[in-house]
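What follows is a set of notes on a single structure, which appears directly below.
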Amino acid sequence: MRKLLIAANWKMYKTPAESAAFLTNFFPLVKDNTTAEIVLCPAMPCLPAVVEAARDESVSVGAQNMHWLSEGAYTGETSPTMLTAIGATHVLIGHSERRQYFNETDTTVNLKLKSALVHSLIPIVCVGEHLNERERNLTADVLNLQVSVALEGIDPASLGPLVIAYEPVWAIGTGRTATPEIAEGAHKIIRARIASIAGSDVANATRILYGGSVKPDNAGKLCCLGDIDGALVGGASLDPASFAQIIANATSR
Ligand code: 13P
């Protein structure tokens, strides 16, 4: 059984004070949760304090990005060594906004995934097609290529912690959610590709999250299908009540 994973991607929102205020309200709302693994991904300046605050809670904390090297002259970057040193346990890799605005490619995603696994960070690798690709029936091609390059040269035995987030670019921040059937179809494509590269044991153990305009009112429906193992939530994770309600609805599936 794959444990449901519900992750919050706060993107470039929330100061440290705003993060602290969120946590004060959020922790009591999820204190009885045992069904889902909950992960918060705040912006870098908030990361140490959020890790500290979550220490006695059943909530994990991840970064939204990292460099693949342990250290070096790379101004503005954060290394996996720094993330593990402060107690972060997860890292988002290859979010479509990183690909779109910061020139991330499938090749850098591959480097970052290898590095996360070496540094014992749980990688959440983001994939997804653009609207024009879906309209031209290229969704399967895009997903297969993104997954294939991401996993290139990685020993299947090291892929136990792998998490994939399917985030169709046309559904991010648009209010336009994939139907559960569209998401389930994409997740099956992704799982089949993982199976063909790394074997069916790895594929069956890999959690595949859906992301893109997940809200309290659609989280239950999206997470009720067998190949959808949770959600990566942007806008609706910024409010503690809304994010807690998403978790409650997803876990009551
Ligand atoms: P929204 O939930 O705001 O559409 O963002 C999704 C996302 O990009 C999560 O990583």
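For the sequence shown, the numbering used here assigns the number 1 to the initial residue and increments by one for each residue that follows.
C-beta atoms are modelled at their ideal positions from N, C-alpha and C, and glycine is treated no differently.
Only a predicted model underlies this, so the values are computations on that prediction, with no experimental measurement involved.
Inter-residue spacing [alpha-carbon to alpha-carbon] between residue i and residue j
i      : j      : result
GLU57  : GLU135 : 43 Å
ASN25  : ALA241 : 8 Å
VAL233 : VAL214 : 6 Å
GLN100 : GLY226 : 30 Å
VAL50  : LEU209 : 23 Å
THR15  : GLY199 : 43 Å
TYR74  : PRO45  : 18 Å
LEU69  : SER79  : 6 Å
ALA186 : ILE194 : 13 Å
ALA165 : ILE124 : 6 Å
GLU133 : GLU152 : 23 Å
LEU23  : LEU138 : 41 Å
MET82  : ASN65  : 12 Å
SER237 : ALA231 : 11 Å
ARG176 : LYS221 : 15 Å
Alpha helix (DSSP H) segment containing residue i, residue limits
i      : result
LEU23  : 16–29
VAL39  : Segment 36–41 is the beta strand (DSSP E) holding VAL39; no alpha helix (DSSP H) there.
ALA8   : Where ALA8 is concerned, there is no enclosing alpha helix (DSSP H), although the beta strand (DSSP E) it sits in stretches over 4–9.
TYR13  : Run containing TYR13: none; DSSP gives neither H nor E here.
VAL254 : Outside the modelled stretch of the chain, which goes from 1 to 253, sits residue 254, for which no answer is possible.
ALA140 : 139–151
HIS110 : The identity of residue 110 in the sequence shown is Asn, whereas the question assumes His. Unbroken alpha helix (DSSP H) run through ASN110: 106–118.
ARG99  : 96–101
Limits of the unbroken beta strand (DSSP E) element including residue i
i      : result
TYR210 : 207–211
LEU159 : Run containing LEU159: none; DSSP gives neither H nor E here.
HIS90  : 90–93
ILE122 : 122–127
GLY62  : 59–63
TYR166 : 163–166
GLY185 : From DSSP, GLY185 is part of no beta strand (DSSP E) but of the alpha helix (DSSP H) over 180–198.
GLY235 : Segment: none, GLY235 is in no beta strand (DSSP E) and carries neither H nor E.
Integer-rounded CB distance, given that residue j should sit under 8 Å from residue i
i      : j      : result
LEU29  : CYS223 : About 18 Å; that fails the 8 Å criterion.
GLU167 : SER96  : 6 Å
PRO216 : ILE197 : No, PRO216 and ILE197 are not in contact; Cβ-Cβ is about 35 Å, not under 8 Å.
ILE250 : ALA219 : The question names Ile, but residue 250 is Ala in the sequence shown. Contact flag correct, Cβ pair sits at about 5 Å.
Exercise. Please determine if the region 140–147 and the region 113–120 are in contact, where contact requires at least 3 C-beta pairs separated by less than 8 Å.
Key: no
Quiz item: If you pair each beta-carbon of the region 58–78 with each one of the region 28–42, do three or more pairs fall below 8 Å?
Solution: yes
Quiz item: So does the region 72–91 actually touch the region 126–135, counting three or more Cβ pairs closer than 8 Å?
Solution: no
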